[in-house]
Amino acid sequence: MYVEKIVTTGICQGKLFLFIMELLKEDYSFKKALYLGAGDSLAIHSIEVFNDAVYMTDSFNNKIYKFDSVNNFFETNVGRDPRHMCTDKDNIYVANFESDNISIIEMDTFTLTGSLPAGIKAHDVIYSEKNKSLYTTCYEENEVLEYSIDNGIRRRFKTDGKPMHIFVLDDTIIVMTYYVNGIVQTKINFINLSNK
17 MYVEKIVTTG
27 ICQGKLFLFI
37 MELLKEDYSF
47 KKALYLGAGD
57 SLAIHSIEVF
67 NDAVYMTDSF
77 NNKIYKFDSV
87 NNFFETNVGR
97 DPRHMCTDKD
107 NIYVANFESD
117 NISIIEMDTF
127 TLTGSLPAGI
137 KAHDVIYSEK
147 NKSLYTTCYE
157 ENEVLEYSID
167 NGIRRRFKTD
177 GKPMHIFVLD
187 DTIIVMTYYV
197 NGIVQTKINF
207 INLSNK
């Protein structure tokens, strides 16, 4: 039977909490509330669940937090203004918006082991197991950067608008972009990886 976790943050009386719920069939079960700190002392930009642990990017303090299934809480420093993250089997990759790079965190030890240049204003990052590559949105350059984990080769793909969020499906990159021409407009870009 499949159990889905729902993880969110919320502020109550100026205090920031992490809430973990589980959905089993049609019933929600409240599992945990974790006090993170004063509501104005953190800026949780994204939350992910990997290997039964919750990971959070804190854009205000330039940290990644890990809360595991046995109630251990860890933190590690990354680049400036971390936004989104992804994993492969060994590492967590974090897009740092103000550092223009991707931090590499070793999954088992939860320590920062390096970084990769990622273009101007890296916002989102995703790993493709099929292509053995990272893809990151470069907000200021209107492009997606592909970085091969195996050989370090880079390719760049232009987007129509400022890229924010990304998904890779087989040989297609799906990118949500937006424009500001007096009004905000969003657009979905489809980029064929096999054409380049």
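Note that our numbering has the sequence shown beginning at 17, numbered continuously upward.
C-beta atoms are modelled at their ideal positions from N, C-alpha and C, and glycine is treated no differently.
Residues that DSSP places opposite residue i in a beta bridge
i: SER144; result: SER149
i: GLU64; result: TYR71
i: GLN45; result: Per the sequence shown, residue 45 should be read as Ser rather than Gln. In DSSP, SER45 forms a bridge with GLU38.
i: THR127; result: GLU122
i: TYR194; result: LYS178, THR202
i: VAL110; result: MET101, SER119
i: LYS21; result: GLU38
i: VAL58; result: For clarity, residue 58 is Leu in the given sequence; the question names Val instead. Answer is none; LEU58 lacks a bridge partner.
i: GLY26; result: PHE33
i: LYS137; result: LYS137 is not bridged to any residue.
Straight-line Cα distance separating residue j from residue i
i: GLU159; j: PRO179; result: 7 Å
i: SER119; j: ASP166; result: 17 Å
i: ARG170; j: VAL184; result: 16 Å
i: MET37; j: ALA49; result: 9 Å
i: TYR51; j: ASN88; result: 13 Å
i: MET17; j: THR25; result: Annotation note: pLDDT 44 at MET17 (below 50); position unreliable, no value reported.
i: LYS47; j: ASN208; result: 42 Å
i: PHE90; j: GLY30; result: 23 Å
i: ASN147; j: ILE189; result: 12 Å
i: ALA69; j: PHE206; result: 32 Å
i: LEU253; j: ASN78; result: Residue 253 is absent from the model: the chain starts at 17 and stops at 212.
i: TYR44; j: VAL23; result: 12 Å
i: ASN117; j: GLU42; result: 41 Å
i: LEU161; j: TYR151; result: 6 Å
Within 8 Å, strictly: CB atoms of residue i and residue j
i: ARG99; j: SER62; result: yes
i: THR202; j: ILE182; result: no
i: TYR71; j: ILE80; result: yes
i: THR213; j: LEU128; result: Residue 213 lies beyond the range of the chain shown here (17 to 212); nothing can be said about it.
i: ASN112; j: VAL94; result: yes
i: GLY55; j: LEU34; result: no
i: SER131; j: ASP97; result: no
i: LYS105; j: VAL65; result: no
i: SER210; j: ASP176; result: no
i: TYR163; j: HIS139; result: no
i: GLU114; j: GLY135; result: no
Local Cβ density within 10 Å of residue i, reported as buried at 16 or more and exposed below that
i: CYS102; result: buried
i: ASN137; result: The question names Asn, but residue 137 in the sequence shown is Lys. With 16 or more other Cβ atoms within 10 Å, it is buried.
i: LEU58; result: buried
i: VAL191; result: buried
i: SER149; result: buried
i: ILE173; result: Looking at the sequence provided, one finds Phe at residue 173 rather than Ile. Buried, because 16 or more other Cβ atoms sit within 10 Å of the Cβ of PHE173.
i: CYS28; result: exposed
Helix, strand or coil at residue i [DSSP, three-state]
i: SER210; result: helix
Residue i: CB within 7 Å of a non-hydrogen atom of the ligand FMN
i: CYS28; result: Within the structure as shown, the ligand FMN is missing, as the structure has no ligands at all.
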